[in-house]
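Chemist: For the sequence shown, my numbering gives the first residue as 99, with consecutive numbering after it. Glycine included, C-beta positions come from ideal geometry on N, C-alpha and C.
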Amino acid sequence: MYKWWTVLVTIALLVGLRVSDPFLMESIRLNYFDFLQTQQEPVKASDIVLVDIDEKALEKYGQFPFPRGVWADMIEKTPETSPSVLTVTFAQPDRFKQDDKLISTLGNRLTLLSASPTNQKETGSAPYIGIAKLGRGDPSNWLYSYKGISSPIQPLQEAVYGVGTVSASPSIDGTVRAVPLAVMANGQIYPSLALETLRVMNGQQSYNIKITPEVGVEWVRIGRLPPLTVQPNADFNIAFWNQFERVSAVDKIPADKILIWGLTASGLSNPVSTPMGAMYPHEVQANLIQTVLTGFQIQRFYYLEFLEIFLVLISSLVILAMVYRLPTVLSGIGSLGVVGLQAYTGYYVWIENLILLDVFYSSVASLLVFGHASFNKYFTTYQLKEQIKKQFQKYLSPDMVDQLQKNPELLKLGGERKELSFLFADIVGFTPISESYMKRDDPEGLVELINKFLDAMSKIVLKNGGTIDKYMGDCLMAFWNAPLDCPNHAEMAVKSAMEIELLTEEMNKELKEQGYDLPPVVIGTGINTGPCIVGNMGSEARFDYSVVGDAVNLAARLEVQTRTFDTPIILSQYTLDQLPKDVKTKELDKITVKGKEEPVTIYAPYFKRTIRKLQKTS
99 MYKWWTVLVT IALLVGLRVS DPFLMESIRL NYFDFLQTQQ EPVKASDIVL
149 VDIDEKALEK YGQFPFPRGV WADMIEKTPE TSPSVLTVTF AQPDRFKQDD
199 KLISTLGNRL TLLSASPTNQ KETGSAPYIG IAKLGRGDPS NWLYSYKGIS
249 SPIQPLQEAV YGVGTVSASP SIDGTVRAVP LAVMANGQIY PSLALETLRV
299 MNGQQSYNIK ITPEVGVEWV RIGRLPPLTV QPNADFNIAF WNQFERVSAV
349 DKIPADKILI WGLTASGLSN PVSTPMGAMY PHEVQANLIQ TVLTGFQIQR
399 FYYLEFLEIF LVLISSLVIL AMVYRLPTVL SGIGSLGVVG LQAYTGYYVW
449 IENLILLDVF YSSVASLLVF GHASFNKYFT TYQLKEQIKK QFQKYLSPDM
499 VDQLQKNPEL LKLGGERKEL SFLFADIVGF TPISESYMKR DDPEGLVELI
549 NKFLDAMSKI VLKNGGTIDK YMGDCLMAFW NAPLDCPNHA EMAVKSAMEI
599 ELLTEEMNKE LKEQGYDLPP VVIGTGINTG PCIVGNMGSE ARFDYSVVGD
649 AVNLAARLEV QTRTFDTPII LSQYTLDQLP KDVKTKELDK ITVKGKEEPV
699 TIYAPYFKRT IRKLQKTS
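(1) Could you compute how far the alpha carbon of I631 sits from the alpha carbon of L112?
(2) Decide if A376 is buried, meaning its Cβ has at least 16 other Cβ atoms within 10 Å, or exposed.
(3) State the DSSP-derived secondary structure class of Q389, mapped to helix, strand or coil.
(4) Let me check understanding here. Comparing Cα to Cα, which of F520, I307, L454 and G438 lies closest to T673?
(5) Do K199 and A170 count as a contact pair if the criterion is CB distance below 8 angstroms?
(6) Given a threshold of 16 other Cβ atoms within 10 Å of its Cβ, counted over all protein chains shown, does P530 qualify as buried or as exposed?
(7) Skipping 5 residues on each side, what residues in its chain have a beta carbon closer than 7 angstroms to that of S371?
(8) Just the C-alpha distance for Q218 and Q286, rounded to the nearest angstrom, thanks.
(9) Check each candidate in P618, T295 and S243 and name the one with the smallest Cα separation from A384.
(10) Using C-beta distances below 7 angstroms, list every residue in its chain close to E124, excluding the 5 sequence neighbours before and after it, in chain order.
(11) So the candidates are S214, F133 and T602; which of them puts its Cα closest to the Cα of V526?
(12) Contact defined as beta carbons within less than 8 angstroms: I believe I417 pairs with V382. What is the distance between those atoms, to the nearest angstrom?
(13) So, using beta-carbon positions, are S429 and S460 closer together than 8 angstroms?
(14) What's the gap between the Cα of F522 and the Cα of T660?
(15) Nearest by alpha-carbon distance to V645: which of F577, E604 and E589 is it?
(16) Roughly how many whole angstroms lie between the Cα atoms of V410 and R319?
(17) Per DSSP, T372 forms a beta bridge with which residues?
(18) What does DSSP give as the partner residues of V645 in its beta bridges?
(19) Taking C-alpha atoms, which residue in S556, L254 and A283 lies nearest to F264?
(20) Run the CB neighbour count on Y643, radius 10 Å, all protein chains shown included, and call it buried at 16 or more, exposed below.
(21) Could you pull the start and end residues of the alpha helix (DSSP H) that F121 belongs to?
(22) Quick check on the DSSP output: the alpha helix (DSSP H) that includes V168 runs from which residue to which?
(23) At what residues does the alpha helix (DSSP H) containing D553 begin and finish?
(24) Look at the alpha carbon of S238 and the alpha carbon of P311, and state the distance between them as a whole number of angstroms.
(25) Once you ignore the five residues that flank D132 on each side, which residues in its own chain have a CB closer than 6 angstroms to its CB?
(26) Check N335 in the structure and name its three-state DSSP category.
(27) Determine which residues share a DSSP beta bridge with P215 and list them.
(28) Do three or more CB pairs link the segment 320–338 to the segment 145–156 at distances below 8 angstroms?
(29) Between the alpha carbons of S290 and N340, how many angstroms are there, rounded?
(30) Going by Cα to Cα distance, which pick from E256, P253, L254 and A266 is closest to S53?
(31) Taking Cβ positions, are N368 and A276 nearer each other than 8 angstroms?
(32) For a quick check, are the C-beta atoms of L669 and V592 less than 8 angstroms apart?
(33) Using 8 angstroms as the threshold, is the segment 172–191 in touch with the segment 346–362, meaning 3 or more CB pairs across them?
(34) Using a threshold of 8 angstroms, state whether the C-beta atoms of F458 and R127 are closer than that.
(35) Taking just the CA atoms, how far does G628 sit from T426?
(36) Compute the Euclidean distance between the alpha carbons of L511 and E450, then round it to the nearest angstrom.
And the structure:
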């Protein structure tokens, strides 16, 4: 019996592990999502150019931080049709007293500056853009909250078109995959730099943000533009497969492009990890803006967590059912099919809809369940085969034992009603033989003689497809038609009795030739055919394959009658009815046996004619 519950425990543990979602599991899932991004073809972004403050700029303008006049010169050289987005925060007045020059330049260009949320109380503040909150949710329960904000000095804020926050929300493994479109600082909601850039570029005046107590932030919208779906904390998943043209701040700046300025020179800024490799902060902002512009928004709906847990459960149960219902090869193919279907589904919803569905864990869980269930099935089957071999190798022919090992379901604990033929063979007149050995003080010789005859009789029974039930002293009990079917079971039983008789004659001659002064050994055999209960009797830990029923008892009593009628073989009417019609027998009598009301007709076969006939038909 397969131990289903052990595999069910494994499934429960796998589901529980997914529900708890420890660090390692979440990290693996995130890396799987990163792998999906790498499968996207890189896209050349034509609307955005990265402007780098690199080594060439340092070589030309000197040590960083630059005087505000240098910034003014660099921005002055940009085409008037190219708006500039600076990921640099001018939080303090210029030490070179060149703020006025920069303010004048910014006033002549479409420019945006950045602010940085901080957990240190700051005196500065960013300009507050009207944000309409929809829904009953409290933003402080969902948005990233900071104590303060580091923002450009007030004159610079007044000179530019917008100020947005630059912040990232790295995942647990330190990789930036999303950026919050809105944060809270000093109790106010502020838009991100990317969101503010899109507002300015689209000529919109305000934002809408929907927050519900159940889900958190559902979406953020710029004016009348389509809403942007976000995670409950307002994180927006970025598509990082965009490729941007980039130039040094000292080179010629292209016209009619959105210019994203950032620090790339060694020591000025630290790259951050992204699904597509290390990127500088202004590259992250550029990818965010491009993601919104193209509409290729990566979706990770909150309810997918529940769907993934359900997927682990249902796929594991399906594989468990296949392992225990199908042959090993078919269950293996089916399990690979389940895993393949999951992998394809995850890939399909990503490629077609940019939906992140974690099928990696459910696929691994499916393989683990298949491995456990298959091992459990194999080990249980192996134990059963070894038990069958141990129990039957002495009572069945090797071929029959092999068949039972291949089909252990034939030996389920319990019984079935079936018609069998039974043979009881006993040494008649055993007392004189025993006394002869005892006079010579040779008990070992007596046991050897008995075993010699029992071994010879056993080989005949096994050769003819019989099952040896037990040995009772000098008596052998056997039956046919179980555990394997034997259509001519009555013939095989009678044939075995005949061959035992022939063998007995030969062995008596051998004993006489060897000088044994013994009375001739005579084997009395009783045969009966009839219904009975056959199967494994006992417990799962220890059982015997045996039979019970009146037909068994009658066969035993017929063997005793061989002494009364002085004939080596007696068979019942029930057995005779199963034999070929031309088998010749002699009616002996009608006897009434214990436990039976109606008398039973018994017969003795004509030995030589019958054995020849049965040898031809078998």
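Modeler: So, from the data block:
(1) 45 angstroms
(2) exposed
(3) The sequence as given places Thr at residue 389; Gln does not occur at that position. Note: T389 maps to helix in three-state DSSP.
(4) F520
(5) yes
(6) exposed
(7) G272, T273 and V274
(8) 15 angstroms
(9) T295
(10) I270
(11) T602
(12) Not confirmed; about 41 angstroms, so no contact.
(13) no
(14) 11 angstroms
(15) F577
(16) 35 angstroms
(17) G375
(18) V632
(19) This sequence places Val at residue 264; Phe is not what is there. When only C-alpha atoms are compared, the closest one is A283.
(20) buried
(21) F121 to T136
(22) R166 to E174
(23) P541 to K561
(24) 11 angstroms
(25) P373
(26) strand
(27) I247
(28) no
(29) 20 angstroms
(30) Any property of residue 53 remains undetermined from this structure, which presents the chain solely from 99 to 716.
(31) no
(32) yes
(33) yes
(34) yes
(35) 39 angstroms
(36) Unreliable positioning characterises L511 in this predicted model, as indicated by a pLDDT of 47, which lies under 50. The coordinate reading is nonetheless provided below. Distance between the alpha carbons of L511 and E450 is about 54 angstroms.
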